[in-house]
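Protein chains: 2
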Amino acid sequence: MFLGEYRYTLDQKGRVALPPKFRNDLKGGAIVTRGLDQCLFVFPSVEWKILAQKLVSLPLTQSNSRAFVRLMLSGAMDLSIDKQGRILVPDYLREYAGLQKEIVTIGLYSRFEIWSDNNWNKYKKITERDSDKIAEQLNELGI
Amino acid sequence: MFLGEYRYTLDQKGRVALPPKFRNDLKGGAIVTRGLDQCLFVFPSVEWKILAQKLVSLPLTQSNSRAFVRLMLSGAMDLSIDKQGRILVPDYLREYAGLQKEIVTIGLYSRFEIWSDNNWNKYKKITERDSDKIAEQLNELGI
DNA sequence: AACATATTCACCACATTTCCCCACTTACAC
DNA sequence: GTGTAAGTGGGGAAATGTGGTGAATATGTT
Numbered sequence: 019m020f021l022g023e024y025r026y027t028l029d030q031k032g033r034v035a036l037p038p039k040f041r042n043d044l045k046g047g048a049i050v051t052r053g054l055d056q057c058l059f060v061f062p063s064v065e066w067k068i069l070a071q072k073l074v075s076l077p078l079t080q081s082n083s084r085a086f087v088r089l090m091l092s093g094a095m096d097l098s099i100d101k102q103g104r105i106l107v108p109d110y111l112r113e114y115a116g117l118q119k120e121i122v123t124i125g126l127y128s129r130f131e132i133w134s135d136n137n138w139n140k141y142k143k144i145t146e147r148d149s150d151k152i153a154e155q156l157n158e159l160g161i
Numbered sequence: 019m020f021l022g023e024y025r026y027t028l029d030q031k032g033r034v035a036l037p038p039k040f041r042n043d044l045k046g047g048a049i050v051t052r053g054l055d056q057c058l059f060v061f062p063s064v065e066w067k068i069l070a071q072k073l074v075s076l077p078l079t080q081s082n083s084r085a086f087v088r089l090m091l092s093g094a095m096d097l098s099i100d101k102q103g104r105i106l107v108p109d110y111l112r113e114y115a116g117l118q119k120e121i122v123t124i125g126l127y128s129r130f131e132i133w134s135d136n137n138w139n140k141y142k143k144i145t146e147r148d149s150d151k152i153a154e155q156l157n158e159l160g161i
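Residue numbers (the working numbering), protein chains in the order written: chain A, 19 to 161; chain B, 19 to 161.
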């Protein structure tokens, strides 16, 4: 399971190191996709298959489901991990998430996320400030 | 399975390179046809047969299903891949999809699509703008 | 029918990019 | 202090992207 917050740098070739603790869980393959709030999601391929299956079964004839499926699937890419435990992030995903040099990787149990340093700091600041309100709203979800 | 977003150029003879990762899945033959939203659909022939079967069984009596079937079937063309991993896109399909020089190929699991650079950028921008709604749809899918 | 002209298609070639491996440095543990 | 593991950068071989050439086929004209 993925947990914690880690800082790395993206090198000139678009490679990022993964936290060593995460590497074992990706032995069976992994997928990156466009995530929500301008970050990237990374799933072990088992988790991804469940999601992909749902996407593929959406109707081809509805324009909004087509759009949705296109965004999610075209944004996805399966990763290979090199000998140094790094992955190569494709151009279009780097652009999407606004990744420069400084990267933050955060573990979220079944998946982890890759953020640009800037976006993550902003997001964290806002979220920490509003955490009381957010907690109250979550209450409605039964947590 | 097809995944990801790739950029290529269409040369003067109407040839486009395919992403190397896609080539193996087309060993058994492939079909291009007019797609929805002004792009081209490309199927491995196995997938195509499944779709064609569905199309043929649509009711002949509905004028819009007749139109849809004509669009997909009359536009279809089977492809051969040359030694460099390229396909030749017929004139009428190039015209249909508005393909100039800059091309985008997106993988969508069971098929992939070929877009003109322009059309894809526009389409993606609109879709990303509506990503809030997408988040809601994710919720409905139980993700 | 024969010839000239156009078009198609298979193969070739080169520049560029990608990917895999190695190496150095830093951090940490014992 | 020494050994191991991890982070980051770079080099070189292999694969890929893209344009072109020439043979084979088709088209059209005298």
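Glycine included, each C-beta is placed from N, C-alpha and C at the ideal position.
Note that the structure is a prediction, hence the values are computed from the model and not measured.
- Within the same chain, Cβ atoms closer than 6 Å to the Cβ of residue 65 of chain A are found at 128, the five residues on either side in sequence being excluded.
- Look at the beta carbons and you see the region 125-142 of chain B touching the region 109-117 of chain B: at least three pairs across the two are nearer than 8 Å.
- If you check the CB distance, residue 111 of chain A and residue 95 of chain A come in under 9 Å.
- For a Cβ distance threshold of 9 Å, residue set 142, 145, 146, 149, 152 of chain B lies close to residue 89 of chain A, ordered along the chain.
- With contact defined as three or more Cβ pairs closer than 8 Å, the region 45-64 of chain B and the region 22-32 of chain B are not in contact.
- With a beta-carbon spacing of about 12 Å, residue 61 of chain A and residue 125 of chain A fall beyond the 8 Å limit used to define contacts.
- Remark: C-beta atoms of residue 25 of chain B and residue 105 of chain B do not approach each other more closely than 9 Å.
- Distance between residue 102 of chain A and residue 38 of chain A, taken at the CA atoms: about 10 Å.
- Taking the beta carbon of residue 54 of chain B as reference, the chain A residues within 7 Å of it are 84, listed in sequence order.
- DSSP places residue 96 of chain A in the uninterrupted beta strand (DSSP E) bounded by 95-97.
- At a beta-carbon threshold of 7 Å, the residues of chain A lying near residue 124 of chain B are 88, 92, ordered along the chain.
- Not a single C-beta of chain B is nearer than 9 Å to the C-beta of residue 19 of chain A.
- For residue 34 of chain B, the secondary structure class from DSSP, reduced to helix, strand or coil, is strand.
- Taken in chain order, the whole alpha helix (DSSP H) runs of length 4 or more contained in the region 98-133 of chain A are 109-114.
- Contact check for residue 84 of chain A against residue 58 of chain B fails: the beta carbons are separated by 9 Å or more.
- Listed in chain order, the non-local C-beta contacts of residue 146 of chain B below 7 Å within the same chain number zero, local neighbours out to five positions each way being set aside.
- DSSP links residue 21 of chain A through a beta bridge to A/126.
- Within 10 angstroms of the beta-carbon of residue 154 of chain B lie fewer than 16 other beta-carbons, which makes it exposed.
- Residue 44 of chain B carries a helical assignment under DSSP once its states are collapsed to helix, strand and coil.
- Taking residue 78 of chain B as the centre and dropping the five residues before and after it, the same chain places the C-beta of 84 closer than 8 Å to its C-beta, in chain order.
- Of the candidates A/149, A/122, A/67, A/122 places its Cα closest to the Cα of residue 23 of chain A.
- For residue 108 of chain A, the residues of chain B that pass the 8 Å Cβ criterion are 22, 23, in the order they occur in the chain.
- The C-beta distance from residue 69 of chain B to residue 87 of chain B rounds to 11 Å, too long to fall under 8 Å, and the pair is not in contact.
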